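Worksheet: the structure to be examined is printed underneath.
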Amino acid sequence: MTRRNYDSSYSSFDRHEQRDYRSDSKRSCSRRDEEEMYVPDTVVGKIIGRGGAKIRELQDETKCRLNIDRDRSNRNGEVLVRIVGDEHDRRKAVAKIEEIIEESAPKPPPVADSDDGEDVKIDWGRIAVEEKIYEKKRWAGKSEVLKMFYVEAESVASASKESVTDSEQKETEEAPNPVRTFEDAFASYPEVLEQIRKQGFLKPSPIQCQAWPVLLSGRDMIGVAQTGTGKTLAFLLPALIHIEGQSTPRSQRVGPSAIVIAPTRELAIQIDSEVQKYSYRNIKSAVVIGGTARYNQVENLAGVELLIATPGRLCDLVFTERGPNLDITNVTYLVLDEADRMLDMGFEGEIRKVFLNVRPDKQMVMTSATWPQGVRRLASSYMKNPLMVYIGSLDLHACFTVEQKITIVEEDEKEDFLNDFLNERSRTDKTIVFFGRKNTVNHMASNVALRGVPIRVLHSGHSQEDRESALKSFRCGEERILFATDLASRGIDVVDITHVLNFDFPKDIEEYVHRVGRTGRAGRTGCAMTFMTRRDWRHAKELIKILESAEQEVPKGLLEMAERFEKMQDRNQREGGRFGGGRGRGRGWGGGNGHRNSRY
Numbered sequence: 001m002t003r004r005n006y007d008s009s010y011s012s013f014d015r016h017e018q019r020d021y022r023s024d025s026k027r028s029c030s031r032r033d034e035e036e037m038y039v040p041d042t043v044v045g046k047i048i049g050r051g052g053a054k055i056r057e058l059q060d061e062t063k064c065r066l067n068i069d070r071d072r073s074n075r076n077g078e079v080l081v082r083i084v085g086d087e088h089d090r091r092k093a094v095a096k097i098e099e100i101i102e103e104s105a106p107k108p109p110p111v112a113d114s115d116d117g118e119d120v121k122i123d124w125g126r127i128a129v130e131e132k133i134y135e136k137k138r139w140a141g142k143s144e145v146l147k148m149f150y151v152e153a154e155s156v157a158s159a160s161k162e163s164v165t166d167s168e169q170k171e172t173e174e175a176p177n178p179v180r181t182f183e184d185a186f187a188s189y190p191e192v193l194e195q196i197r198k199q200g201f202l203k204p205s206p207i208q209c210q211a212w213p214v215l216l217s218g219r220d221m222i223g224v225a226q227t228g229t230g231k232t233l234a235f236l237l238p239a240l241i242h243i244e245g246q247s248t249p250r251s252q253r254v255g256p257s258a259i260v261i262a263p264t265r266e267l268a269i270q271i272d273s274e275v276q277k278y279s280y281r282n283i284k285s286a287v288v289i290g291g292t293a294r295y296n297q298v299e300n301l302a303g304v305e306l307l308i309a310t311p312g313r314l315c316d317l318v319f320t321e322r323g324p325n326l327d328i329t330n331v332t333y334l335v336l337d338e339a340d341r342m343l344d345m346g347f348e349g350e351i352r353k354v355f356l357n358v359r360p361d362k363q364m365v366m367t368s369a370t371w372p373q374g375v376r377r378l379a380s381s382y383m384k385n386p387l388m389v390y391i392g393s394l395d396l397h398a399c400f401t402v403e404q405k406i407t408i409v410e411e412d413e414k415e416d417f418l419n420d421f422l423n424e425r426s427r428t429d430k431t432i433v434f435f436g437r438k439n440t441v442n443h444m445a446s447n448v449a450l451r452g453v454p455i456r457v458l459h460s461g462h463s464q465e466d467r468e469s470a471l472k473s474f475r476c477g478e479e480r481i482l483f484a485t486d487l488a489s490r491g492i493d494v495v496d497i498t499h500v501l502n503f504d505f506p507k508d509i510e511e512y513v514h515r516v517g518r519t520g521r522a523g524r525t526g527c528a529m530t531f532m533t534r535r536d537w538r539h540a541k542e543l544i545k546i547l548e549s550a551e552q553e554v555p556k557g558l559l560e561m562a563e564r565f566e567k568m569q570d571r572n573q574r575e576g577g578r579f580g581g582g583r584g585r586g587r588g589w590g591g592g593n594g595h596r597n598s599r600y
């Protein structure tokens with residue numbers, strides 16, 4: 001940790017050594033009321049706290065204003081923190097921050113007392129056995145989880161393996177045959193069929209054809225498919241049947257029987273809206289998300305059997321100092337929707353905490369648009385012999401219904417190109433413009449609004465009420481242009497989007513595919529334009545593969561960009577890799593992974 005103090009009482013650098021993880025502490029004269037210190041990048045999140053709670057607490061306690069500038073770091077990779085206040089308060093703030101750093105510093109392993117000097121051997125086998133015994137005792141009083149609710153239709157049973165199309169693929173030979181009609185899946189559940197008919201669907205989607213036999217048979221399942229393919233209904237209808245079919249009377253159950261965990265508030269609300277369309281045996285559902293009063297949500301949890309939740313708010317309700325507001329020990333059906341997005345957003349810790357309090361013999365569903373290593377690790381940890389259902393290919397690709405255009409621009413040209421793009425839109429077009437940062441969204445939205453162009457804005461800096469209002473206005477067509485961060489790239493179901501513009505290239509190629517996938521949905525065609533600057537060159541090679549797989553034109557400038565980046569990597573490798581593969585924050589062709597502030 002490095003510290004620089006701006007105070008006129010110091011006329012020269014006062015250097016003093018700090019041990020352990022800290023480097024030299026420095027003070028210099030510039031401003032009377034400002035002090036700078038550098039802190040390890042690993043503790044920045046703890047200084048900020050969940051939703052900024054910790055940094056607000058620090059500011060209240062010390063009467064100082066704290067500003068974390070993640071764009072400024074020293075050669076040790078430490079992040080700059082500015083502290084503004086009088087000298088006494090600044091010293092108090094520094095001490096508080098140093099306490100956080102000390103608490104976060106790696107602790108040395110305990111030294112075991114040993115008279116004979118021999119290494120202490122840990123019997124991991126015995127520990128594993130004891131853990132199994134504990135788990136068995138913990139859940140011993142629970143009734144058996146009933147999972148088999150599927151009666152295979154004769155026409156489905158007689159279908160040959162060859163009748164499964166290329167768009168419906170199964171990972172193992174154990175998978176049941178897919179259904180072809182709603183009647184094939186739900187002939188034994190006429191109330192469910194009636195609800196489906198009310199929605200006007202003619203036939204199930206490919207993932208529904210595959211998923212319903214698997215889930216109604218009680219198997220754990222991994223569903224890999226892009227958004228907009230009917231994943232929600234694929235796990236929702238079996239959940240309703242599962243809840244009704246358990247042996248313990250519903251009136252005697254404590255807490256929900258099924259939980260669907262979604263990464264964002266918007267997706268959770270969207271899932272809840274789907275639940276409301278399918279009334280089955282008066283099963284009560286509720287949605288709990290951040291950004292709304294927890295007290296009101298707790299009041300609505302009484303008698304809830306199907307709960308839709310975001311990871312953070314779910315943990316807030318389950319893990320409290322005064323005891324849980326929500327009992328999840330009777331959950332027998334658990335869904336992780338868009339698991340890859342949850343891991344990208346840093347929710348793995350919350351997910352694992354939830355699993356510790358849910359019975360291990362539950363039925364589990366995991367959906368994901370991609371199949372990265374983190375999702376595989378999570379599946380192997382908590383799922384039992386799952387069947388994988390994937391629609392299309394596990395290889396990343398953008399859909400053929402979207403025309404993709406790439407424009408190579410300079411950073412300072414983007415706004416002019418944005419204005420040209422918006423001027424070309426007609427009254428019937430519906431457009432999302434994606435930005436990399438909330439500040440950029442606000443700045444560009446203000447500039448466009450001053451020109452009299454009506455738009456709505458969506459990012460995490462707005463209240464939940466404002467976010468819902470913006471989505472509703474955009475979905476129903478009151479406003480036809482939405483400026484957003486990647487908060488809107490997945491799980492927001494607006495089927496008639498005609499155009500997508502990537503003002504800033506996303507952080508990775510997977511997010512590019514999700515952004516582009518906002519258009520060209522439900523049998524429609526769409527257009528996606530992307531601005532690329534020199535700092536995006538590390539994505540060029542992967543983007544070329546995406547374009548070629550979708551039979552799209554590859555601009556000459558993009559090919560040159562990929563070639564230059566590859567040459568730079570080769571050169572750096574020969575010279576010892578001292579430039580880090582182009583991930584720095586320098587200008588020009590050296591642009592790397594950009595800013596690291598909260599992106600949503």
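Taking my numbering, I'd label the letters of the sequence shown as residues 1 to 600.
Positions of the beta carbon are idealized from the N, C-alpha and C atoms, including for glycine.
Please read all numbers here as calculations on a predicted model, not as lab measurements.
Quick test of your reading: residue i and residue j, contact by CB under 8 Å. State the CB separation rounded to the nearest angstrom.
i, j, result
"Gln195", "Ser279", "7 Å"
"Val304", "Pro372", "That pair is no contact at about 32 Å."
"Arg524", "Asp493", "Not really, about 13 Å apart at Cβ, beyond 8 Å."
"Lys430", "Phe531", "Contact flag wrong, Cβ pair sits at about 20 Å."
"Glu511", "Ser489", "6 Å"
"Leu80", "Ser73", "7 Å"
"Asp340", "Ser368", "4 Å"
"Leu482", "Ile509", "Rounded, the Cβ-Cβ distance is 23 Å, inconsistent with contact."
"Leu215", "Val441", "At roughly 39 Å, the Cβ-Cβ gap does not stay under 8 Å, so Leu215 and Val441 are not in contact."
"Ile391", "Ala225", "4 Å"
"Gly517", "Thr227", "6 Å"
"Thr310", "Thr370", "At roughly 20 Å, the Cβ-Cβ gap does not stay under 8 Å, so Thr310 and Thr370 are not in contact."
Apart from the five residues just before and just after residue i, which ones in its own chain have a Cβ nearer than 6 Å to its Cβ?
i, result
"Gly577", "Because Gly577 sits at a pLDDT of 48, beneath the cut-off of 50, its placement in the model cannot be relied upon, and the following sentence gives the value as read from the coordinates. Here the set comprises nothing."
"Val561", "Note that residue 561 corresponds to Met in the displayed sequence, not to Val. Same-chain partners within the cutoff: Trp537 and Ala540."
"Asp327", "Val254 and Gly255"
"Gly374", "Leu343"
"Phe186", "Val192 and Leu193"
"Lys170", "Bear in mind that a pLDDT of 46 at Lys170, under 50, signals an unreliable position, so the model cannot answer this."
"Ala258", "Ala239, Ile243, Leu306 and Tyr333"
When the Cα atoms are used, what is the spatial distance from residue i to residue j?
i, j, result
"Leu559", "Leu418", "23 Å"
"Val457", "Gly436", "13 Å"
"Leu202", "Glu174", "28 Å"
"Thr533", "Glu410", "6 Å"
"Asp86", "Thr62", "10 Å"
"Asp69", "Tyr38", "10 Å"
"Phe243", "Ser285", "According to the sequence displayed, residue 243 carries Ile and not Phe. Those two C-alpha atoms are separated by around 11 Å."
"Val260", "Ile308", "5 Å"
"Thr248", "Arg359", "15 Å"
"Leu236", "Glu321", "33 Å"
"Tyr333", "Asp220", "10 Å"
"Thr181", "Gln199", "15 Å"
"Leu240", "Glu338", "20 Å"
According to DSSP, which residues form a beta bridge with residue i?
i, result
"Phe483", "Val433 and Val457"
"Leu66", "Ile83"
"Thr329", "In DSSP, Thr329 forms no bridge with anything."
"Asn502", "Phe434 and Thr530"
"Gln363", "Tyr333"
"Ile259", "Leu307 and Leu334"
"Ala286", "Leu307"
"Ser368", "Val224"
"Ser426", "In the DSSP output, where bridge partners are listed per residue, Ser426 has none listed."
Just reading off the alpha helix (DSSP H) that residue i is part of, what are its end residues?
i, result
"Ala157", "Glu154 to Ala157"
"Lys545", "Ala540 to Ser549"
"Phe235", "Lys231 to Gly245"
"Cys476", "Gln464 to Cys476"
"Val298", "Arg294 to Glu299"
Can you name, in chain order, every residue of its own chain whose Cβ lies under 8 Å from the Cβ of residue i, other than the five neighbours on each side?
i, result
"Glu34", "Tyr6, Arg82, Ile83 and Val84"
"Phe434", "Ala484, Thr485, Asp486, Ala488, Ser489, Val500, Leu501, Asn502, Phe503, Asp504, Pro506 and Arg515"
"Arg624", "Residue 624 cannot be examined here, being either before or after the span of the chain that is shown, 1 to 600."
Identify, in the order they occur along the chain, each residue of the same chain with its Cβ nearer than 7 Å to the Cβ of residue i, setting aside the five sequence neighbours on each side.
i, result
"Ile100", "Val43, Lys46 and Ile47"
"Leu58", "Leu66, Ala93 and Lys96"
"Gly230", "Ser205, Ile207 and Gln208"
"Gly245", "Leu146 and Phe149"
Could you give the first and the last residue of the continuous beta strand (DSSP E) run that contains residue i?
i, result
"Gly223", "Met221 to Val224"
"Lys405", "Val402 to Ile408"
Please find out if some non-hydrogen atom of the ligand NAD comes closer than 8 Å to the beta-carbon of residue i.
i, result
"Thr530", "This structure simply doesn't include the ligand NAD, nor any ligand for that matter."
Taking 9 Å as the CB-CB cut-off, is residue i touching chain C?
i, result
"Thr232", "No chain C is part of this structure, which consists of one protein chain only."
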